[in-house]
Amino acid sequence: HSGIPGNICADKAASDTHEADNTCAIPLSRTDANDIVRKIGREISSRLWTDPCYYYAYLKNIDPELMFRMPGNIKRRTETVLHRIRLNVAFTRKYLHIIGQVDSPRCTTCSTTHDIKHVLCHCSLYSSQRKILKQSLNIHDQDIALSHILGPWTSVANESKATNAILRFLKDTRLDQELCTDITLFNLRLAIYFSPIFECVYMCMCV
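Numbered per full-length UniProt numbering, the sequence shown spans residues 1 to 207.
If you want it as structure tokens, here you go:
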């Protein structure tokens, strides 16, 4: 090793490197940057989630720890309508009435307020599909409630079971299409009326 010109040069270069004070920044990869952004997002959302001035009460009631995870391999439209249901901004007649798209918030079948709870738990138009939903959730001697469908749940297994059941219900009733009207028609009004809610959506997506 000693006396060989190439090895001597290599040893000197290594020694100079250790003794030098110069540092060279190593660029972050996209994966590293995404991990950092997600970590910061989780920290911010966790902090805001404990402040009543920031969290959204409806979502807080069904997902107090922000633990819900969307199942994989589902269509974007289905994912969108499930998020909108969980945020109470799906396109029910009540919601459409609020943003001025229909004259009445009442259900055309039952003549009562057409909101998320009515559509999922009570509307007679979906009675047969709701029986299947209740069977999937092992609900026999009681009425189905939003907490059975949207949470909170006691385990990840129960969450997965309930989510798959509601996805089937939405598909069988075609509510996955009815409750997810083309959002581009309402962008401006939604921005005006519901900007705090969409801030909440963004916060949840960061988790």
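All C-beta atoms in this analysis are idealised placements derived from N, C-alpha and C, irrespective of residue type, glycine included.
None of these values were measured; they are calculated from a predicted model.
Check: Ignoring anything shorter than 3 residues, give me the beta strand (DSSP E) runs that lie fully in the stretch 97 to 168, in order along the chain.; Outcome: none
Check: Compare the beta carbon distance of Leu179 and Ile99 with 8 Å and say whether it is the shorter of the two.; Outcome: no
Check: Per DSSP, what kind of secondary structure is residue 211 in: helix, strand or coil?; Outcome: With the chain running from 1 to 207 in the structure shown, residue 211 is simply not present.
Check: If contacts are defined as beta-carbon pairs under 8 Å, then Asp115 and Lys94 qualify, I think. What distance do you get, rounded to the angstrom?; Outcome: 4 Å
Check: Taking the straight line between their C-alpha atoms, what separation do you get for Gly72 and Thr31?; Outcome: 20 Å
Check: Would you report the Cα separation of Val146 and Asn34, rounded to the nearest angstrom?; Outcome: For clarity, residue 146 is Leu in the given sequence; the question names Val instead. For Leu146 and Asn34, the distance between alpha carbons rounds to 34 Å.
Check: Less than 8 Å between the beta carbons of Phe169 and Gln129, yes or no?; Outcome: yes
Check: Cβ of Met67 within 8 Å of Cβ of Glu79?; Outcome: no
Check: Can you look up Thr184 in the DSSP assignment and give me helix, strand or coil?; Outcome: Any reading at Thr184 must be qualified, since the residue scores a pLDDT of 47, below 50, and its modelled position is unreliable; the value itself is stated next. If DSSP states are grouped into helix, strand and coil, Thr184 belongs with the helices.
Check: DSSP three-state call for Ile26: helix, strand or coil?; Outcome: coil
Check: Starting from the Cα of His118, find the closest Cα among Thr92, Tyr54, Asp103 and Ile139 and give me that residue.; Outcome: Thr92
Check: Can Thr109 and Ser127 be called in contact, C-beta distance under 8 Å?; Outcome: no
Check: Any idea if Asp176 is buried or exposed, counting beta-carbon neighbours within 10 angstroms, 16 or more meaning buried?; Outcome: buried
Check: If you follow the alpha helix (DSSP H) that Asn61 is part of, which residue opens it and which one closes it?; Outcome: Ala57 to Ile62
Check: Assuming Leu48 and Tyr54 make a contact with CB atoms under 8 Å, what is their CB distance in whole Å?; Outcome: 4 Å
Check: Give me, in chain order, the residues of the same chain whose beta-carbon lies closer than 8 Å to that of Ile132; leave out the 5 immediate sequence neighbours on both sides.; Outcome: Arg168, Phe169 and Asp172
Check: Starting from the Cα of Lys60, find the closest Cα among Asn138, Gly151, Leu28 and Ala157 and give me that residue.; Outcome: Gly151
Check: In this structure, how does DSSP classify Glu178 when only helix, strand and coil are distinguished?; Outcome: helix
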